[in-house]
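Taking our numbering, the leading residue of the sequence shown gets 1, the next gets one more, and so forth.
All C-beta atoms, glycine included, are put in the ideal place defined by N, C-alpha and C.
Notes follow the structure.
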Amino acid sequence: MIISQNDIDRILRFTKEAHPEECCGLLVGTEENVSHIIPSDNVTQGDKTKTFEIDPQVRFDLIRTTGQRSLLGFYHSHPNGIPTPSETDKSMVYEPDLIWVIATLDDIKAFRFFEEQQDFEEIPIQVKL
């Protein structure tokens, strides 16, 4: 995945601002190249320190303006954990082709879910200037 340092910095900032709750948002772009991110309120009805839900209106607005193919994936934070997918994350996968970026207060990693293995695998992050 290719992403700008500015977008990485924004995700890390949103992680700190939302702490101790999880932050979340959309990754927008083409192929594996993130053109920008769109933050979302965490609208989960559950424990926001352990789970997230992106506001459906944020996604609908993206699809309306750019189309479904511009959605590369999601980002969210694990404010008190490590940047690897949790069992809760695995249970939330319904679009396995999308990228999942997980941030902590000072780190960020990217993953893709593989249906055959029923598990996430880390994918490299390339920072564009």
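Q: Kindly list the residues whose CB is nearer than 6 angstroms to the CB of Thr-104, restricted to its own chain and excluding five residues on each side of it in sequence; keep chain order.
A: Result list for Thr-104: His-78, Pro-83, in chain order.
**Q.** the region 59-69 / the region 42-49 touching (three or more Cβ pairs under 8 angstroms)
**A.** Short answer: they don't touch.
Q | Local Cβ density within 10 Å of Thr-15, reported as buried at 16 or more and exposed below that | A | Thr-15 comes out buried.
Q) Which word fits Phe-52, buried or exposed, when buried means at least 16 other C-beta atoms lie within 10 angstroms of its C-beta? A) With at least 16 other beta carbons inside 10 angstroms of its own, Phe-52 counts as buried.
Q.
By the three-class DSSP mapping on this structure, what secondary structure does Gln-68 have?
A. Gln-68 carries a helical assignment under DSSP once its states are collapsed to helix, strand and coil.
Q. Taking C-alpha atoms, which residue in Asp-97, Ser-86, Val-101 lies nearest to Ile-3?
A. If you compare the alpha carbons of Asp-97, Ser-86, Val-101 with that of Ile-3, the shortest gap goes to Val-101.
Q.
Using only the alpha-carbon positions, how far apart do Thr-88 and His-19 sit?
A. Rounded to whole angstroms, the gap between the alpha carbons of Thr-88 and His-19 is 18 angstroms.
Q. In the structure shown, what three-state DSSP assignment does Gln-117 receive?
A. Look at Gln-117 here: in three-state DSSP terms it is coil, with no helix or strand label.
Q.
Along the chain, where does the alpha helix (DSSP H) containing Gln-126 start, and where does it finish?
A. If you look at Gln-126, you'll find it isn't in any alpha helix (DSSP H); it sits in the beta strand (DSSP E) that goes 126-128.
**Q.** Ser-86 Cβ short of 7 angstroms to the ligand SAM heavy atom set
**A.** As far as ligands go, the structure on display features none, and thus does not contain the ligand SAM.
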